[in-house]
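Protein chains in written order, with the working numbering: chain A, 128 to 327; chain B, 12 to 206.
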């Protein structure tokens, strides 16, 4: 049995239950009927991937858990908006990212203007050494970034949004988004350099 | 064309399939919000659902003011009431009487002999000789016990006023003012009185 299929089982008082759910659309329909077992199946299927995203956006695990919970509440509340066009995973992902942005919007402003030259860090990072880094170590580097830089870095590099879109999402000028990405990358280089990944 | 940043590439690759199982408490919390346990309906909710109250503020105001008035009246009643009880045991000599009737007379004025008494209330004396007149108005009273219900008893004992006295003129007057009164009555045997 494939690993993904195993996840679809629900255990209730040591009984293994396999709900008869074939497609995402079917799962969504059942969740819209507020069936708890289906909601749990939905959560079990998508939460691990979404928690990975939350961990990237959050400064710590507790915040990531809050964002995940808030995000899934939003997902369940707005599930009727999902029309089946495009992947369900992508739709949930966008909702979680929006939740993460809103979570930090409450706490900080993204209007920090930075001179592009001010943030430049010139150390060259060794590509070979960089390939040795594990995902957990990279996560540690991202999470040490200031919230504004981390958010812009995540949106641009990981989620593939343009600076124009990021500006709209965060309510900042496009150039601010660019400068924050620039500074985020400079800080990442600085941190990697500190970890000994510079070219000798 | 701009060369892709290899640091960005590294991050993209590393996190493209990044999954972490969230702690169970996240689902637990989510479940509690999505499917909250029904809370037992509170007393206040039941009161405020009554159709004859309309806006919630009015409902509360009416309920609170009614409750306050009722409470106030109770307090006034208990604080101003001077009524007390007269209770005691009736004895056949030294042992308790087994049943009878206790009659309370109210003395209308202070004239002696006490021919201006009015019947106030009658209570039963139980098998343990106990009798009680609850909630007696303030005033002056005479208590009379008539032994009954047991063979031979009413022949041996005379009806008696309060404590050993056969005649009302000799009886002790019970005064009700600020406290309950304990009035034990010892019935005089008939032969003693005849002497």
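Ideal Cβ positions, reconstructed from N, Cα and C, are used throughout, including at glycine.
Whose C-alpha, out of the options, is nearest the C-alpha of residue i?
i, options, result
"residue 153 (chain B)", "B:147, B:138, B:30 and B:185", "B:185"
"residue 223 (chain A)", "A:275, A:180 and A:211", "A:180"
"residue 2 (chain B)", "B:22, B:72 and B:148", "Nothing about residue 2 (chain B) can be read from this structure; chain B reaches only from 12 to 206."
"residue 195 (chain A)", "A:214, A:219, A:210 and A:206", "A:219"
"residue 293 (chain A)", "A:216, A:182 and A:221", "A:221"
"residue 24 (chain B)", "A:204, A:190, A:205 and A:258", "A:258"
"residue 150 (chain A)", "A:168, A:161 and A:317", "A:168"
"residue 284 (chain A)", "A:304, A:261 and A:204", "A:304"
"residue 207 (chain A)", "A:234, A:161 and A:312", "A:161"
"residue 323 (chain A)", "A:297, A:253 and A:271", "A:253"
"residue 201 (chain A)", "A:269, A:262, A:170 and A:321", "A:170"
"residue 144 (chain B)", "B:30, B:94 and B:48", "B:94"
"residue 257 (chain B)", "B:198, B:187 and B:128", "The structure shown does not extend to residue 257 (chain B), since chain B spans only 12 to 206, so no value can be given for it."
"residue 272 (chain A)", "A:311, A:203, A:299 and A:213", "A:311"
"residue 182 (chain A)", "B:18, B:31, B:70 and B:36", "B:31"
"residue 181 (chain B)", "B:155, B:190, B:47 and B:138", "B:155"
"residue 101 (chain B)", "B:49, B:132, B:48 and B:139", "B:139"
"residue 26 (chain B)", "A:308, A:268, A:299 and A:290", "A:268"
"residue 188 (chain A)", "B:85, B:87, B:48 and B:36", "B:36"
"residue 103 (chain A)", "A:210, A:164 and A:186", "The structure shown does not extend to residue 103 (chain A), since chain A is modelled only from 128 to 327, so the question has no answer here."
"residue 233 (chain A)", "A:210, A:317, A:297 and A:204", "A:297"
How many whole angstroms separate the CB atoms of residue i and residue j, which I take to be in contact at a CB cut-off of 8 Å?
i, j, result
"residue 192 (chain B)", "residue 97 (chain B)", "5 Å"
"residue 34 (chain B)", "residue 175 (chain A)", "11 Å between Cβ atoms; not a contact."
"residue 282 (chain A)", "residue 22 (chain B)", "Going by Cβ atoms, the distance from residue 282 (chain A) to residue 22 (chain B) rounds to 13 Å, so no, they are not a contact pair."
"residue 319 (chain A)", "residue 276 (chain A)", "Not a contact, Cβ separation roughly 15 Å."
"residue 90 (chain B)", "residue 112 (chain B)", "At roughly 34 Å, the Cβ-Cβ gap does not stay under 8 Å, so residue 90 (chain B) and residue 112 (chain B) are not in contact."
"residue 45 (chain B)", "residue 152 (chain A)", "Wrong, their Cβ atoms sit about 21 Å apart, outside the cutoff."
"residue 193 (chain A)", "residue 230 (chain A)", "7 Å"
"residue 104 (chain B)", "residue 142 (chain B)", "17 Å between Cβ atoms; not a contact."
"residue 227 (chain A)", "residue 280 (chain A)", "The pair is not a contact, with the Cβ atoms about 13 Å apart (cut-off 8 Å)."
"residue 199 (chain A)", "residue 191 (chain A)", "Not really, about 13 Å apart at Cβ, beyond 8 Å."
"residue 29 (chain B)", "residue 262 (chain A)", "6 Å"
Residue i versus chain B: which residues are under 7 Å apart at the beta carbon?
i, result
"residue 183 (chain A)", "26"
"residue 192 (chain A)", "33, 34 and 37"
"residue 123 (chain A)", "Since the displayed chain A opens at 128 and closes at 327, residue 123 (chain A) lies outside it and no answer follows."
"residue 196 (chain A)", "37, 40 and 41"
Going along chain B in order, which residues have a C-beta closer than 8 Å to the C-beta of residue i?
i, result
"residue 285 (chain A)", "22, 23 and 26"
"residue 179 (chain A)", "26, 29, 30 and 31"
"residue 258 (chain A)", "21"
"residue 159 (chain A)", "In chain order: nothing, as chain B lies at least about 12 Å away."
"residue 272 (chain A)", "Ordered by position in chain B, no residue passes the 8 Å Cβ test against residue 272 (chain A), which lies about 12 Å from the chain."
"residue 265 (chain A)", "21, 22, 25 and 26"
"residue 315 (chain A)", "18"
"residue 154 (chain A)", "Ordered by position in chain B, no residue passes the 8 Å Cβ test against residue 154 (chain A), which lies about 15 Å from the chain."
"residue 200 (chain A)", "41, 44 and 45"
"residue 262 (chain A)", "25, 26 and 29"
List the residues of chain B whose Cβ lies closer than 9 Å to the Cβ of residue i, in chain order.
i, result
"residue 312 (chain A)", "16, 18 and 19"
Got a sec: does the ligand COA put a non-hydrogen atom nearer than 7 Å to the Cβ of residue i?
i, result
"residue 164 (chain A)", "Judged by which ligands are present, the structure shown has none, so any question about the ligand COA falls away."
- Query: Got a sec: which bits of the region 162 to 176 of chain A sit with their beta carbon under 9 Å from any beta carbon on chain B, in order along the chain?
  - Reply: Residues 163, 166, 167, 170, 171, 174, 175 and 176.
- Message: Output needed in chain order: residues of the region 18 to 44 of chain B with a Cβ under 8 Å from some Cβ in chain A.
- Response: Taking 8 Å as the Cβ-Cβ cut-off, the region 18 to 44 of chain B approaches chain A at 18, 19, 21, 22, 23, 25, 26, 29, 30, 31, 32, 33, 34, 36, 37, 38, 40, 41, 42 and 44, given in chain order.
- Query: Is the number of C-beta pairs between the region 106 to 120 of chain B and the region 77 to 90 of chain B that are closer than 8 Å three or more?
  - Reply: Output reads no: the region 77 to 90 of chain B does not touch the region 106 to 120 of chain B.
- Item | Near-chain B residues of the region 203 to 217 of chain A (beta-carbon distance less than 9 Å), N- to C-terminal order | The residues in question are 203.
- Message: Contact between the region 21 to 40 of chain B and the region 150 to 158 of chain A is defined here as three or more beta-carbon pairs at a separation below 8 Å; is this criterion met?
- Response: Judged by Cβ distances under 8 Å, the region 21 to 40 of chain B makes no contact with the region 150 to 158 of chain A, as fewer than three pairs qualify.
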